[in-house]
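First comes the structure, then the notes that go with it.
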Amino acid sequence: MALATHVDTDTILAAADELAEMIRRSDECRSYWSAREKMERNPRAQRLFDELKKKTNGLWTLRDRLGESHEKYLRMKQETDDLWERLYEIPVALQYKAAQDELNALLQEVVEVILANLHGTLPVERGPRMCGSGGCSGGCGGSCHASAGA
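So the sequence shown is numbered by full-length UniProt numbering: it starts at 1 and just counts up by one.
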């Protein structure tokens with residue numbers, strides 16, 4: 001399929017910079033930073049959040065080494081779920097997760113629009129849905145936690 005006009009790499013990268021700036025100025029981004037600031041001022045939420053990140057990383061390691069049906073994995077999964085429950089008792093943690101989810105949804109939607117627009121022109125493949133806010137090692141605040149079936 002021939003394209004009507006040629007666009008050089010510099011123009012594409014400039015447009016990407018402009019898109020990134022628009023995302024930085026979005027309501028979703030402002031909400032995220034506001035919620036993160038509140039979260040950082042809550043020592044209990046921060047402690048639980050840090051513990052959750054460590055447990056989640058350990059959980060992934062156990063899953064990869066032992067499988068999801070192994071007793072050690074199941075025990076650590078329960079500990080991780082318990083941490084989520086304790087974290088969700090803190091209103092700023094809920095606000096933080098909601099803000100992360102909204103920002104991540106915006107980023108995912110932008111990627112989906114780009115892929116959809118290229119679909120008929122280029123052989124693009126949709127990879128696995130990745131968390132756009134930290135690799136989802138728990139560092140994202142769990143925006144992938146719910147979608148992972150945990």
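Glycine included, every Cβ here is placed at the ideal spot set by N, Cα and C.
DSSP three-state label for residue i, please.
i	result
residue 47	helix
residue 26	coil
residue 42	coil
residue 58	helix
residue 34	helix
residue 68	coil
residue 12	helix
residue 17	helix
residue 144	Any reading at residue 144 must be qualified, since the residue scores a pLDDT of 44, below 50, and its modelled position is unreliable; the value itself is stated next. Coil at residue 144, not helix or strand.
First and last residue of the alpha helix (DSSP H) that includes residue i?
i	result
residue 5	From DSSP, residue 5 is part of no alpha helix (DSSP H); its letter is neither H nor E.
How should residue i be labelled, buried or exposed, when 16 other C-beta atoms within 10 angstroms of its C-beta is the threshold for buried?
i	result
residue 7	exposed
residue 124	exposed
residue 113	exposed
residue 101	buried
residue 9	exposed
residue 96	buried
residue 72	exposed
residue 22	exposed
residue 88	exposed
residue 117	exposed
residue 54	exposed
residue 57	exposed
residue 93	buried
Next on the checklist: Extract the residue ranges of the alpha helix (DSSP H) inside the stretch 79-128, only unbroken runs of 4 or more that lie entirely within it.
Outcome noted: 91-118
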